[in-house]
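Everything on this sheet refers to the single structure shown next.
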Amino acid sequence: MTRIQKAFSKDKAFIGFLTGGDPSIEKTAEFILEMERAGADIIEIGIPFSDPVAEGEVIQNASIRALNAGATVPKMFDLAKSVREKSQIPLVFMTYLNPVYHYGQGRTVRYDEFFKKCKEAEIDGIIIPDLPFEESGEVREYAERHGIDLILLVAPTSEERIGKIAKASSGFVYVVSSMGTTGVREEIKTNIEPIIKAVKTASDIPAAVGFGVSTPEQAARIAKFADGVIVGSAIVRIIAEHGDNAGGYVYEFVKSVKEAVAGTGE
């Protein structure tokens with residue numbers, strides 16, 4: 000059983016996102032451990048990118064801060080290795096196809112070097128929001144070769160493709176709660192239950208819901224019918240507000256969300 004599978008085997012999973020290198024590599028590692036201590040089951044590490052098309056303003060600004068502070072893809076691998084010295088929590092990269100495609104260019108087969116490095120750093124999975132499902136086969140080949148789960152996204156517009164995506168995804172399926180970019184939303188208006196049911200009809204893979212979930216109350220409502228809940232922008236916003244001193248604030252927020260999510264599984 001993989002680390003990701005174990006995370007979903009306990010109760011409803013809480014998945015926390017933060018941007019790698021914001022405000023520094025060392026502080027990101029510290030915040031990840033605080034999130035684990037607060038009850039997070041899986042951590043998504045956003046690889047800073049200059050054109051994060053799926054991200055809202057909060058995460059875009061975090062990417063800018065991280066890049067200005069010197070964050071690079073190799074340093075993301077170093078970050079994962081530093082976390083692994085102290086923790087076995089599942090780690091998932093969230094990135095865009097460009098950094099994956101170009102990593103190691105000129106030295107090896109495209110994609111192979113990136114996923115080889117993921118394996119060395121003990122990364123468990125990867126999410127690539129701008130990877131079209133129809134073009135995911137080549138990426139999946141190299142991810143599988145190195146034992147990395149390729150976590151695919153389904154959206155309210157996926158419709159008849161939901162079953163195909165669920166069968167092709169590994170680790171879990173990322174269910175997009177709202178159209179548009181990531182970001183804090185006061186209300187999740189999309190009817191997500193039919194999407195979850197379509198995933199479950201096609202596969203027994205866990206389904207976790209993200210994009211816009213920002214409060215314990217929202218997380219609890221979603222966890223009633225989803226296997227997991229993903230929160231990102233709300234955590235990144237706390238880090239933006241408190242910088243190097245954000246650890247305690249991140250811990251308290253994650254603890255409150257995890258308690259809300261876990262309570263729905265009783």
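No gaps in the numbering here: position 90 of the sequence shown is 89 in numbering that gives the first Met the number 0, and each next residue is one more. Note that CB positions come from ideal geometry on N, CA and C, so glycine has one too.
One alpha carbon belongs to residue 112, the other to residue 81, and they sit about 20 Å apart. Per DSSP, residue 194 is one residue of the alpha helix (DSSP H) stretching across 192-201. Per the coordinates, the alpha-carbon of residue 227 lies some 5 Å from the alpha-carbon of residue 11.
Distance from the CA atom of residue 8 to the CA atom of residue 26, rounded to whole angstroms, is 30 Å.
For residue 250, same chain residues with a beta-carbon under 8 Å away, outside a window of 5 residues either side, are 33, 34, 36 and 37 in chain order.
Cβ neighbours of residue 202 within its own chain (closer than 6 Å, five residues either side excluded): 165 and 166. Per the coordinates, the alpha-carbon of residue 262 lies some 10 Å from the alpha-carbon of residue 256. The C-alpha of residue 103 lies about 7 Å from the C-alpha of residue 109. A direct Cα-Cα distance of roughly 11 Å separates residue 76 from residue 115. Between the C-alpha atoms of residue 67 and residue 99 there is a straight-line separation of about 20 Å. Runs of the alpha helix (DSSP H) spanning 4 or more residues and lying entirely within the region 44-104 occur at 56-67, 72-83 and 96-101, in chain order. Beyond the five residues adjoining it in sequence on each side, residue 73 comes within less than 7 Å, by CB distance, of no other residue in the same chain.
Around the beta carbon of residue 55, 16 or more other beta carbons lie within 10 angstroms, which makes this residue buried.
At the C-beta level, residue 176 and residue 208 come within 8 Å of one another. Residue state for residue 122 is assigned as coil, using DSSP reduced to three classes.
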